[in-house]
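*Asks:*
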Amino acid sequence: MSSVYSRWRERRKVKKEIDSGTLSQSDFDIELLSQIQPRGGVNFKNDFYVRKGTGYETCITIYETPTDVEDFWLGQIMTMDNTIITMDMRTKQKKKSRTI
Numbered sequence: 469m470s471s472v473y474s475r476w477r478e479r480r481k482v483k484k485e486i487d488s489g490t491l492s493q494s495d496f497d498i499e500l501l502s503q504i505q506p507r508g509g510v511n512f513k514n515d516f517y518v519r520k521g522t523g524y525e526t527c528i529t530i531y532e533t534p535t536d537v538e539d540f541w542l543g544q545i546m547t548m549d550n551t552i553i554t555m556d557m558r559t560k561q562k563k564k565s566r567t568i
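Using the working numbering, the first residue of the sequence shown is number 469, and each one after it goes up by one.
Pasting the structure below:
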């Protein structure tokens with residue numbers, strides 16, 4: 469959680485940018501941004517994950533799966549503690565699958 473002083477400094481910095489003409493207040497909802505922006509900054513130095521002030525983010529892509537899989541084969545990944553999991557599935561394009 470950020471301190472009151474750091475939030476004040478950040479708002480002061482944004483206000484200076486708005487006053488200097490770099491930003492236009494009408495272009496941004498400052499209150500909304502203060503509620504949804506990552507706390508503690510964002511670090512992209514590692515190629516495998518993004519580090520934010522409140523945690524880490526990464527994407528795992530599974531390109532191929534076995535033809536026959538057991539029930540709940542993704543169970544260990546999907547039920548990890550302190551994680552938010554989203555799964556999107558799609559099939560191969562017809563043209564690509566016919567050439568294989």
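We put the beta carbon where it would ideally sit given N, CA and C, even for glycine.
Bear in mind the structure is a predicted one, so any value in this text is a computation, not a measurement.
Using the Cα positions of Gly521 and Met555, report the straight-line distance between them to the nearest angstrom.
*Replies:* So the two alpha carbons sit approximately 24 Å from each other.
*Asks:* Going by Cα to Cα distance, which pick from Glu478, Asp549 and Glu485 is closest to Arg507?
*Replies:* It is Glu478 whose Cα lies nearest to the Cα of Arg507.
*Asks:* Given Val472, which residues of its chain have a CB within under 6 Å of its CB, disregarding the five upstream and five downstream residues?
*Replies:* Here the set comprises nothing.
*Asks:* Helix, strand or coil for Glu499? Go by DSSP, reduced to three states.
*Replies:* It is helical.
*Asks:* Could you name each continuous alpha helix (DSSP H) segment of 4 residues or more that falls completely within the stretch 501–551, going from the start of the chain to the end?
*Replies:* Within the stretch 501–551, the complete alpha helix (DSSP H) runs of at least 4 residues are 543–546.
*Asks:* By the three-class DSSP mapping on this structure, what secondary structure does Ser494 have?
*Replies:* In this structure, Ser494 counts as helix in the three-state DSSP scheme.
*Asks:* Apart from the five residues on each side of it in sequence, which residues of its chain come closer than 8 Å, Cβ to Cβ, to Leu501?
*Replies:* Counting only Cβ-Cβ distances below 8 Å, and skipping sequence neighbours, we find nothing.
*Asks:* Determine the contact status of Thr529 and Val518, defining contact as a CB-CB distance below 9 Å.
*Replies:* Contact: no.
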